[in-house]
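Here's the structure we're looking at; comments come further down.
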Amino acid sequence: MPVLPRDFYARPAVEVARLMLGQILVHGRRAGRITEVEAYLGEHDLAAQVARGRTGRTEVIYGPPGHAYVYFIYGMHDCLNVVTEPEGSPGCVLIRALEPLCGIELMRRESPSVTKPFLLCSGPGRLTSAMRISRRHYGADLTAGPIVLRQGPEVEAADIVITPRIGVRLCADWPLRFFIRGNPSVSRFPPNSR
DNA sequence: CAATAGATCATCT
DNA sequence: GATGATCTATTGC
Numbered sequence: 000m001p002v003l004p005r006d007f008y009a010r011p012a013v014e015v016a017r018l019m020l021g022q023i024l025v026h027g028r029r030a031g032r033i034t035e036v037e038a039y040l041g042e043h044d045l046a047a048q049v050a051r052g053r054t055g056r057t058e059v060i061y062g063p064p065g066h067a068y069v070y071f072i073y074g075m076h077d078c079l080n081v082v083t084e085p086e087g088s089p090g091c092v093l094i095r096a097l098e099p100l101c102g103i104e105l106m107r108r109e110s111p112s113v114t115k116p117f118l119l120c121s122g123p124g125r126l127t128s129a130m131r132i133s134r135r136h137y138g139a140d141l142t143a144g145p146i147v148l149r150q151g152p153e154v155e156a157a158d159i160v161i162t163p164r165i166g167v168r169l170c171a172d173w174p175l176r177f178f179i180r181g182n183p184s185v186s187r188f189p190p191n192s193r
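If you read the first sequence in numbering that gives the first Met the number 0, its first letter stands for residue 0, the second for the next number, and so on.
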């Protein structure tokens, strides 16, 4: 399966978010299919970290597309984002959940208390620890490695559910979260959307 | 099942 | 000095 080219990321964050569902995230012997993402737009999106302008932390988001933006949150977790849009135009996609495909035994070692495989990468903090991704991957090129995104099976439009983003106070009604309908690895969904 | 508290720190005011 | 793009354990219905 081919690695997604840089062109894939050089478009509006909303579009990339939608198309990232079903693609395969690979890091070493660990791999998973993307089941849930959120788009974060430019400086007018008050829920995005670029809303307060260009700072040291948000520098990569303004750079060329196809790179990793990893940041630390709540004193506990790292979250993985993909930089989108052409250079100079800020926008990124947060990867919230994966369905584990390879290296499940390795992932299980990171969180031994988790029994069901599809919970291993369910949530932004969980998937980074399971995939062993951290701030040392800040700025990594996803078309070059060690972390790459490969083309996966296409997801039908009818299987994509769109909702507001999780855990944001500002712009809380913007429908920028995308997930695969009925997938058990999705981190949170209304009880009747299975 | 829903609500709540605690852990813990880089970044920004 | 306050604040999160979170997770887990625990409590209370």
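Ideal Cβ placement from N, Cα and C applies to all residues, glycine included.
Check, Outcome
"Using the rule of at least 16 other Cβ atoms within 10 Å of the residue's Cβ for burial, across every protein chain shown, is glutamate 37 buried or exposed?", "buried"
"Can you tell me where the alpha helix (DSSP H) holding leucine 126 begins and where it ends?", "123 to 130"
"Could you give the C-beta distance for proline 89 and alanine 9, rounded to a whole number, given that I count them as a contact under 8 Å?", "That belief does not hold up - the Cβ atoms of proline 89 and alanine 9 are roughly 13 Å apart, past 8 Å."
"Counting pairs of Cβ atoms below 8 Å between the stretch 14 to 24 and the stretch 34 to 50, do you hit three or more?", "yes"
"Alpha helix (DSSP H) containing valine 15: first to last residue?", "12 to 19"
"From this set, Leu93, Gly87, Leu126, which residue's C-alpha is nearest leucine 100's C-alpha?", "Leu126"
"Can you give the beta carbon distance from arginine 28 to glycine 144, rounded, assuming they're within the 8 Å contact cut?", "That pair is no contact at about 13 Å."
"Who are the near neighbours of proline 183 in its chain, counting only those whose CB is closer than 7 Å to its CB and skipping five residues on each side?", "Phe117"
"Less than 9 Å between the beta carbons of threonine 83 and proline 11, yes or no?", "yes"
"Inspect the CB distances between the stretch 51 to 66 and the stretch 169 to 184 and report whether three or more fall short of 8 Å.", "no"
"Identify the residues that DSSP records as bridge partners of asparagine 182: which are they?", "BP columns for asparagine 182 are empty, so no partner."
"Can you give me the Cβ contacts of asparagine 191 inside the same chain, cut-off strictly under 6 Å, excluding the 5 residues immediately before and after it?", "Confidence in asparagine 191 is poor, its pLDDT being 37 and thus under 50, which makes the residue's placement unreliable; the coordinate value appears in the next sentence. If we look at asparagine 191 and ignore the five residues flanking it on each side, it has no Cβ neighbours."
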